[in-house]
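For reference, the structure is listed below as structure tokens.
Numbering (the working numbering), first residue to last: 20 to 371.
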């Protein structure tokens with residue numbers, strides 16, 4: 020890829036670049052600072068991801084196969100992104116133009132900037148696909164998931180177009196041609212006056228904002244990612260009768276809302292990173308702060324997925340206690356009614 024990068028650089032420089040061509044890339048020092056700050060945050064978060072993945076496979080050996088594959092893919096894409104990020108840091112912060120033409124170092128993007136988009140966006144895609152799947156599985160109404168799926172696909176159309184443009188145009192001023200493609204849509208007039216961003220984040224992450232806030236007021240419609248046995252117990256008529264006899268279920272509601280708030284906080288953390296990336300790219304294009312945020316965004320998504328998978332542990336523990344107490348109450352009621360005391364049979368019926 021590096022040979023292709025050099026060939027494209029020689030081809031694109033058919034004339035001497037001027038200072039006007041350097042806008043908004045006035046100096047490679049800006050990229051150096053942005054990549055260094057982003058790496059300082061991304062590397063510790065990758066270490067946290069390693070710990071979370073190791074803990075996940077240890078604590079959930081019987082999890083569904085597709086979840087195990089999802090976690091493995093997220094770890095793989097995050098690792099590939101880290102390797103590319105190391106090359107990016109080496110080129111801009113350590114090598115610093117040694118052995119590179121000064122004009123190329125100043126006016127051309129290194130291949131790692133373009134390549135980093137691929138594993139990073141795949142990581143975000145896997146996380147968002149999991150969220151959409153859980154929305155579909157946990158919601159009684161399908162239209163919120165369908166409405167969220169539309170900007171999800173729209174965002175990926177823009178992402179693919181943008182990445183193709185980045186690999187087609189490496190240097191200024193030709194690199195600005197990639198901006199023309201994204202700023203030509205009439206329904207995005209805000210981008211006509213600012214350098215258009217890689218719209219992987221804008222349609223999806225901005226349009227998803229109203230959904231979870233609305234769900235907070237509709238507990239009976241959508242539940243947070245609980246294990247199946249807790250959801251079924253909450254909806255089962257026998258469990259409703261059990262609530263009247265056992266105050267322990269009030270504690271279950273407390274766990275429900277505490278971890279629901281935790282899930283929302285994780286979601287807000289993911290969305291804040293996406294919105295911050297969009298706003299800094301639009302409002303502060305000359306600072307490359309957006310690049311620093313983008314270097315961290317994939318790790319935020321990956322850690323958010325693992326955090327949501329780990330939070331199910333306490334629900335499983337509480338659910339087992341609820342089922343155990345449910346069986347005991349049903350056994351006592353059955354004995355009083357003269358229905359016998361076959362606890363095994365009651366256990367099977369209560370879990371059905």
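Positions of the beta carbon are idealized from the N, C-alpha and C atoms, including for glycine.
- Selection 306, 292, 307, 54 evaluated against residue 131 yields 54 as nearest (Cα-Cα).
- Rounded to whole angstroms, the separation of the alpha carbons of residue 72 and residue 80 is 12 Å.
- With 16 or more other Cβ atoms inside 10 Å of its own Cβ, residue 123 counts as buried.
- In the DSSP annotation of this structure, the continuous segment of the alpha helix (DSSP H) that includes residue 316 starts and ends at 308 to 329.
- Between residue 294 and residue 57, the C-beta gap is not smaller than 8 Å, which leaves the two residues out of contact.
- Here the alpha carbons of residue 311 and residue 126 stand approximately 19 Å from one another.
- Going by DSSP, residue 100 is part of the alpha helix (DSSP H) stretching over 84 to 108.
- Within its own chain, the residues whose Cβ lies closer than 7 Å to the Cβ of residue 318, once the five positions on either side in sequence are excluded, are 61, 64, 65, 68, 97, listed in chain order.
- Scanning 303, 138, 167 for the CA closest to the CA of residue 178 turns up 138.
- Distance from residue 291 to residue 93 at the Cβ level is roughly 20 Å; contact not present, criterion being Cβ atoms closer than 8 Å.
- Residue environment for residue 70: exposed (fewer than 16 other C-beta atoms within 10 angstroms of its C-beta).
- Residue pairing by DSSP places residue 127 opposite 190 in a beta bridge.
- By alpha-carbon distance to residue 129, the top candidate from 89, 104, 144 is 104.
- If you draw a straight line from the Cα of residue 187 to the Cα of residue 159, it comes to about 45 Å.
- Here residue 322 has 64, 67, 68, 71 as same chain residues with Cβ atoms under 7 Å from its own Cβ, once five neighbours each way along the sequence are excluded.
- If you draw a straight line from the Cα of residue 109 to the Cα of residue 133, it comes to about 15 Å.
- A Cβ-Cβ contact shorter than 8 Å links residue 89 with residue 149.
- Distances from the CA of residue 52 to each of 306, 320, 180 were compared; the closest alpha carbon is that of 306.
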